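Colleague:
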Amino acid sequence: MQGKNARQQVQQVCDQLQTCKSELNQAISSVEKPQNRQKIQDTLSAVEKAHQAATTTLSNYQE
Numbered sequence: 010m011q012g013k014n015a016r017q018q019v020q021q022v023c024d025q026l027q028t029c030k031s032e033l034n035q036a037i038s039s040v041e042k043p044q045n046r047q048k049i050q051d052t053l054s055a056v057e058k059a060h061q062a063a064t065t066t067l068s069n070y071q072e
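According to the numbering used here, the sequence shown holds residues 10 to 72 in order.
(1) With a threshold of 16 other CB atoms inside 10 Å of the CB of ALA15, please say whether the residue is buried or exposed.
(2) Look at the Cβ atom of LEU67, then the Cβ atom of GLN20, and state whether they are nearer than 9 Å.
(3) With distances taken from CA atoms, which of LEU33, GLN17, GLN71 and HIS60 is nearest GLN50?
(4) Exposed or buried, which one is ALA55 when buried takes at least 16 other CB atoms within 10 Å?
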């Protein structure tokens, strides 16, 4: 069995970051303390930026 190539690995990262975004959104909907909500929101923003960067990398990937 051959390992994943670079493009497949970046795709996997995109998928994992999308899962992270979903999980963080669920956390935001259930968190009680405002300071914790803000920390989760900050984390979500960072993950969204990372997801966008990975998606851009995938879109511009040259075979």
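Ideal placement from N, C-alpha and C gives every residue a C-beta, glycine not left out. It should be emphasised that the depicted structure is a prediction, and the values quoted were computed from it without experimental measurement.
Modeller: The answer reads as follows:
(1) exposed
(2) yes
(3) LEU33
(4) exposed
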